[in-house]
Every structure is written in structure tokens, then in C-alpha cells.
Amino acid sequence: LHQYEASRAAVIALVARLSPDQMEGVPSDGTWSVRQALEHMMTTDIVLLARLEKWPADPLSSYQAVHRIIVQRFSVMEPDDWRDHTIMGRRWTTKRVMRRLLEHQFEHYQHIKEILAALDGPTKD
28 LHQYEASRAA VIALVARLSP DQMEGVPSDG TWSVRQALEH MMTTDIVLLA
78 RLEKWPADPL SSYQAVHRII VQRFSVMEPD DWRDHTIMGR RWTTKRVMRR
128 LLEHQFEHYQ HIKEILAALD GPTKD
């Protein structure tokens with residue numbers, strides 16, 4: 028844990044005084060900016076940390092809690108939040124994020140139906 032804290036401090040010291048242009052600068056095509064590298068580190072930290080969590084005793088409550096966070100975030104958006112965002116070198120709009128959330132739900136809804144059908148036979152919609 029001490030090494031993790033020290034490495035985080037080193038990264039922060041390295042980038043703390045960068046201007047917005049320096050944070051966004053890309054050395055060459057196909058490479059990341061400092062901001063993209065930091066974003067990658069942050070999202071990877073979240074994903075890796077989630078892998079340490081135990082499966083909740085009531086998974087539907089956890090699933091609903093995540094859903095509420097998403098609905099709350101979309102409900103309080105300001106006009107500036109609807110602008111395009113570049114995430115990991117890809118352009119994302121708020122509409123695209125919502126569309127992907129919906130697609131992902133539908134894909135796994137179908138997937139779960141297939142799993143249940145393989146286990147027990149047909150399921151009701």
C-alpha cells in the first residue's frame with residue numbers, strides 16, 4: 028500500500044503543474060495525451076478494485092443502486108454536459124453513452140434469457 032501511495036504521489040507531482048494544453052497534447056498520431064493516460068489509470072483502478080468486492084448478498088439491490096446513480100447523473104445534467112467528450116481517443120456524446128447503456132442492457136437481457144433457456148427451457152418475457 029505504501030508503494031501504491033508513493034507511485035500515486037509521483038504521478039501527481041509529475042503532472043500537477045501542467046497546463047490544459049499540456050494535458051491534452053498528443054506527441055503523435057495514435058498516442059495518448061497525459062489526460063488520456065490519467066483517465067486510463069483511473070478507470071483501470073476502478074475496475075480492478077471492483078474485482079476485490081464480494082458478490083453482494085442481494086445482487087438486485089446493487090444492480091438497482093447502480094441504475095439509480097445513472098438515472099440521477101442524467102437527470103441533473105447541465106447544457107455543457109451534453110457536449111462531445113473524447114474518452115480514450117474516441118468521441119463520445121451524452122446521447123452515445125445513453126445509447127450504449129441501453130444496448131448493453133438489451134444485449135445482456137437476451138444473454139440471460141439464453142442462459143435460462145439452456146438451463147431450464149423457455150422463459151416468459
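Per this note's numbering, the very first residue in the sequence shown carries number 28; after that it's consecutive.
Positions of the beta carbon are idealized from the N, C-alpha and C atoms, including for glycine.
Nothing here was measured: the structure is a model prediction, and the numbers come from that model.
Apart from the five residues just before and just after residue i, which ones in its own chain have a Cβ nearer than 8 Å to its Cβ?
{"i": "M68", "result": "V38"}
{"i": "D108", "result": "T121"}
Please name the residue or residues paired with residue i in a DSSP beta bridge.
{"i": "W119", "result": "H112"}
Give me, in chain order, the residues of the same chain whose beta-carbon lies closer than 7 Å to that of residue i; leave out the 5 immediate sequence neighbours on both sides.
{"i": "E51", "result": "S60 and R62"}
{"i": "A36", "result": "none"}
{"i": "L45", "result": "V61"}
Of all the options the options, which has the alpha carbon lying nearest to the alpha carbon of residue i?
{"i": "A43", "options": "L65, D56, R78 and H94", "result": "L65"}
{"i": "R110", "options": "V103, S102 and W119", "result": "W119"}
{"i": "V124", "options": "I97, I73, S89 and A40", "result": "I97"}
{"i": "T58", "options": "E141, L87, R117 and R95", "result": "R117"}
In chain order, what residues of the same chain lie with their CB nearer than 6 Å to the CB of residue i, ignoring the 5 residues before and after it?
{"i": "V53", "result": "S60"}
{"i": "F101", "result": "none"}
Please give the ranges of any beta strand (DSSP E) in the segment 58–138, keeping only runs that are unbroken, at least 3 residues long and fully inside the region. Within the segment 58–138, the complete beta strand (DSSP E) runs of at least 3 residues are 112–114 and 117–119.
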